[in-house]
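A.B. asks: So the sequence shown is numbered by the numbering used here: it starts at 91 and just counts up by one.
Next up is a structure, given as structure tokens.
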Amino acid sequence: MTLDLSAQQLASTLSQVGERALLYEVAVNPKPGLVDPVSAGPHPDMTVFTFIDSATSLREYLHQCALAGQHFEQTEGELPELFGQLRCLGQHAEQTMFETTNGVNTHKGAVFSLGVLVAATAQQLTVNDKYATNEVIVITKQMLQGLTENDFKKIKAISPASLTAGERQFLKYGKAGIRGEAEAGFPTVVELALPFLRQRQGKTMERLLDTLMRIAGNTDDSNLIKRAGDAKITDWMHVQSNHYFKLGGSRTSAGQVFLKQLNEIFLSRNLSLGGSADLLILTIYFALLEGQLR
Numbered sequence: 091m092t093l094d095l096s097a098q099q100l101a102s103t104l105s106q107v108g109e110r111a112l113l114y115e116v117a118v119n120p121k122p123g124l125v126d127p128v129s130a131g132p133h134p135d136m137t138v139f140t141f142i143d144s145a146t147s148l149r150e151y152l153h154q155c156a157l158a159g160q161h162f163e164q165t166e167g168e169l170p171e172l173f174g175q176l177r178c179l180g181q182h183a184e185q186t187m188f189e190t191t192n193g194v195n196t197h198k199g200a201v202f203s204l205g206v207l208v209a210a211t212a213q214q215l216t217v218n219d220k221y222a223t224n225e226v227i228v229i230t231k232q233m234l235q236g237l238t239e240n241d242f243k244k245i246k247a248i249s250p251a252s253l254t255a256g257e258r259q260f261l262k263y264g265k266a267g268i269r270g271e272a273e274a275g276f277p278t279v280v281e282l283a284l285p286f287l288r289q290r291q292g293k294t295m296e297r298l299l300d301t302l303m304r305i306a307g308n309t310d311d312s313n314l315i316k317r318a319g320d321a322k323i324t325d326w327m328h329v330q331s332n333h334y335f336k337l338g339g340s341r342t343s344a345g346q347v348f349l350k351q352l353n354e355i356f357l358s359r360n361l362s363l364g365g366s367a368d369l370l371i372l373t374i375y376f377a378l379l380e381g382q383l384r
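Right, dumping it as structure tokens:
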């Protein structure tokens with residue numbers, strides 16, 4: 091896909107695509123254990139409007155990420171410096187998000203992941219005006235080289251109360267979470283979810299629901315582990331996903347009934363697929379850039 095953009099249009103366009111990805115994700119329903127226009131699921135402090143407000147509050151942050159990627163003069167080995175700039179921007183974006191949502195964490199994961207991809211996309215399109223997802227991933231890997239090692243080598247000396255859920259899971263289960271996924275170039279997105287979405291038929295809602303369930307069935311969702319307090323919960327989720335697709339997914343009445351039943355189970359057990367939702371946002375972002383979604 092070729093984006094016919096001037097240098098002045100690039101950052102604005104990429105921030106708009108990022109914002110659309112955030113809004114598309116929250117519109118998808120029914121999502122097990124997640125906020126959507128029909129239900130807040132096991133999130134009594136959130137509504138769909140909380141997510142809309144949060145997404146729109148991040149527009150300027152995504153614009154700044156795009157500008158950072160666009161204007162960064164890449165030389166060999168220096169792309170981690172661009173990520174350093176993004177971390178500073180991300181800290182301010184998180185503060186803006188929390189101010190907008192009255193302290194509710196709606197998009198903290200997406201602030202990190204989507205910000206990285208928007209900057210990497212801007213860098214890629216500055217070097218080559220023909221958009222290519224694989225080139226964006228190459229830049230992402232270079233930008234995040236050493237991220238997991240550098241971040242996690244310090245956490246043993248930090249008070250457990252100060253650790254994030256992902257950091258606690260690394261210590262307890264050895265799972266690198268979203269940091270590991272990002273440093274590896276988001277393989278769940280580009281090798282699993284995005285190819286699946288490209289090939290999936292049906293309405294946009296059906297395609298995105300099925301893509302979410304494909305993601306949840308093939309990842310160790312950190313938010314799901316946090317809610318359950320047990321890493322084995324992901325094995326259970328993988329079984330649920332496989333059963334959903336055996337029933338035909340969202341395009342069959344049996345699949346739709348099962349999804350509603352699964353949603354009730356998530357609600358009763360206070361479970362959430364927040365990590366899978368973040369990966370769906372990234373999948374939607376790439377799909378919009380590729381013209382896979384309209």
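From the three backbone atoms N, C-alpha and C, an ideal C-beta is built for every residue, glycine too.
For clarity, every value in this text was computed on a predicted model and none was experimentally measured.
#1: Applying the criterion that 16 or more other CB atoms from any shown protein chain within 10 Å of the CB defines a buried residue, is ALA139 buried or exposed?
#2: List the DSSP bridge partners of LYS336.
#3: Could you tell me the alpha carbon to alpha carbon distance between GLY180 and GLU171, rounded to whole angstroms?
#4: Of all the options SER343, VAL217, ASP368, LEU113, which has the alpha carbon lying nearest to the alpha carbon of SER312?
#5: Could you spell out the range, first to last residue, of the alpha helix (DSSP H) harbouring LEU299?
#6: Using the rule of at least 16 other Cβ atoms within 10 Å of the residue's Cβ for burial, across every protein chain shown, is GLY364 buried or exposed?
#7: What do you reckon, is the C-beta of ARG177 under 7 Å from a heavy atom of the ligand HEM?
#8: Taking three-plus beta-carbon pairs below 8 Å as touching, is the region 96-108 in contact with the region 278-297?
#9: For ALA266, which of helix, strand or coil comes out of DSSP?
#10: When burial is assigned at 16 or more other CB atoms within 10 Å of the CB, is ALA344 buried or exposed?
#11: Classify THR196 as buried or exposed, calling it buried when 16 or more other Cβ atoms lie within 10 Å of its own Cβ.
#12: Is GLN291 buried or exposed, if buried means 16 or more other CB atoms sit within 10 Å of its CB?
#13: Report the residue from LEU100, GLY267, LEU370 whose alpha carbon sits nearest the alpha carbon of VAL217.
#14: By alpha-carbon positions, which one of ALA321, ALA111, ILE371, ASN353 ends up nearest to TYR334?
#15: Is the beta carbon of PHE141 closer than 8 Å to that of GLN213?
#16: By Cβ distance, which residues of its chain are closer than 6 Å to THR186, with the 5 residues on each side in sequence left out?
#17: Tell me the rounded alpha-carbon separation between GLY193 and GLU184.
#18: Please give the ranges of any alpha helix (DSSP H) in the region 120-147, keeping only runs that are unbroken, at least 4 residues long and fully inside the region.
#19: Based on Cα-Cα distance, which residue from PHE276, GLY131, ASP143 lies nearest to SER358?
#20: What residue ranges within the region 342-366 form continuous alpha helix (DSSP H) runs of no fewer than 4 residues, ordered along the chain?
#21: Please state whether the Cβ-Cβ distance between ASP124 and SER362 is less than 8 Å.
#22: Roughly how many angstroms separate the alpha carbons of MET233 and TYR375, rounded to a whole number?
#23: One question on the structure: do LEU383 and THR294 come within less than 8 Å of each other, judged by their Cβ atoms?
#24: Helix or strand or just coil, what does DSSP make of ARG290?
#25: Does ASP310 pass the burial test, meaning 16 or more other C-beta atoms within 10 Å, or should it be called exposed?
C.D. replies: Inspection of the coordinates gives the following:
#1: It is worth fixing the name first, because residue 139 is Phe in this sequence and not Ala. Exposed, by the Cβ-count rule.
#2: Within the DSSP bridge table, the entry for LYS336 names no partner.
#3: 14 Å
#4: ASP368
#5: 294-306
#6: buried
#7: Looking for the ligand HEM in the displayed structure turns up nothing, as the structure carries no ligands at all.
#8: no
#9: Its pLDDT being 49, under 50, ALA266 is placed unreliably in this model, and the value from its coordinates should be taken loosely. DSSP places ALA266 in coil when its eight states are reduced to three.
#10: exposed
#11: buried
#12: exposed
#13: LEU100
#14: ASN353
#15: no
#16: SER147
#17: C-alpha separation (whole angstroms): 10 Å.
#18: Look at the region 120-147 and you find these whole runs of alpha helix (DSSP H), each 4 residues long or longer: 138-147.
#19: GLY131
#20: Counting only runs of 4 or more, we get 343-359.
#21: Note that residue 124 is Leu in the sequence shown here, rather than Asp. Yes.
#22: 19 Å
#23: yes
#24: When secondary structure is reduced to three states using DSSP, ARG290 falls in the coil class, being assigned neither helix nor strand.
#25: So ASP310 counts as buried.
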